[in-house]
């Protein structure tokens, strides 16, 4: 076993990542890879809780894998794999589901929100996928899970299920803690700066994708919502300017005070041009590497195959213990 603490995280292959995903998650992941033993999964099984076109899901899965690597995740330092390639995830989910109460799942905020928005697709997967998420985490004896505000409830369920199993069958799972980075890059919508940036937004001008080209980035920043004050200031009364300042500060390693001094007496036009340029120069090498990786299918296949092998070894250790403790007979091969 590694002496390093174990981190697990994953993202759904539901389309290309945004600047918000990069600053809020992936950029922090790259800082963890030397200090921790990290497992990063493309959670394709979670994605099919809503209808998917098979060809699109396959393409999105490869694109997300390529973006992981383009953003700086090193497959030599991290275990990077596709969730469905490690069957232990769904096997452990079944065991845990026999210990999960209906009331716990019905209280999940995301299920309540999704069930109200899409009653036509109110399938049991939407109801039970927090159990799969718990299995994802517990399977690797995870110490820490990077979580945003919208995932805290799911981590709490994983902690509860791990403790419940341990109490019933003896110590088996580590109980994971949330990993809260010292600096969290929160990026808001360019069109509604009081809302978080999201690629599911119907207005494509509200988000910047890591794969956006230079002209698209400049156009989106130029069209970003600001206000009529005309003063570059960092205040809640100017959420649009505040959001652009946050982005600029995080990408260019300048303090907010330094930026305010730089743009004192200058208009929004100049400020937006500079913000766009910082984003363009940050994302240019990521986009170029991403495009190169998509054209190197053999390399991507090698990365996810090796990643699945590494993940499988760790996962099977845990699953064997679980099967033995619940009374399942170990399979014998002839």
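In my numbering, the protein residues as written are 118 to 451.
Just so you know, even glycine gets a beta-carbon here, dropped at the ideal spot from N, CA and C.
- Item | Buried or exposed by the 16-neighbour rule on C-beta atoms within 10 Å, applied to residue 388 | buried
- For residue 435, which three-state DSSP category applies? helix
- Look at the alpha carbon of residue 215 and the alpha carbon of residue 272, and state the distance between them as a whole number of angstroms. 18 Å
- Cβ shell of residue 118 (< 7 Å), same chain only, five flanking positions each side left out: At residue 118, the pLDDT of 46 sits below 50, so the modelled position is not reliable; the number obtained from the coordinates is stated separately. Excluding residues within five positions, none has a Cβ falling inside 7 Å.
- What number of angstroms, rounded off, separates the C-alpha of residue 406 from the C-alpha of residue 412? 10 Å
- What's the C-alpha gap between residue 312 and residue 223? 26 Å
- Is residue 330 helix, strand or coil when you go by DSSP? coil
- Message: Output needed for residue 150: all residues of its chain with C-beta closer than 8 Å, excluding positions within five of it in sequence on either side, in chain order.
- Response: 190, 191, 194 and 195
- Item | residue 162 beta carbon less than 8 Å from that of residue 201 | yes
- Query: alpha helix (DSSP H) containing residue 214: first to last residue?
  - Reply: 205-214
- Message: As a quick exercise: from 220, 228 and 121, pick the residue whose alpha carbon is nearest that of residue 167.
- Response: 228
- State the DSSP-derived secondary structure class of residue 154, mapped to helix, strand or coil. strand
- Item | Counterpart residues of residue 128 in DSSP-defined beta bridges | 159
- Query: Is residue 370 buried or exposed, if buried means 16 or more other CB atoms sit within 10 Å of its CB?
  - Reply: exposed
- Query: What do you reckon, are the CB atoms on residue 327 and residue 186 nearer than 8 Å?
  - Reply: no
- Message: Can you tell me where the beta strand (DSSP E) holding residue 262 begins and where it ends?
- Response: 261-263
- Message: Helix, strand or coil for residue 419? Go by DSSP, reduced to three states.
- Response: helix
- Backbone secondary structure at residue 440 - three-state DSSP: helix
- Rounded to whole angstroms, what's the CA-CA distance from residue 325 to residue 403? Just pull it up for me. 13 Å
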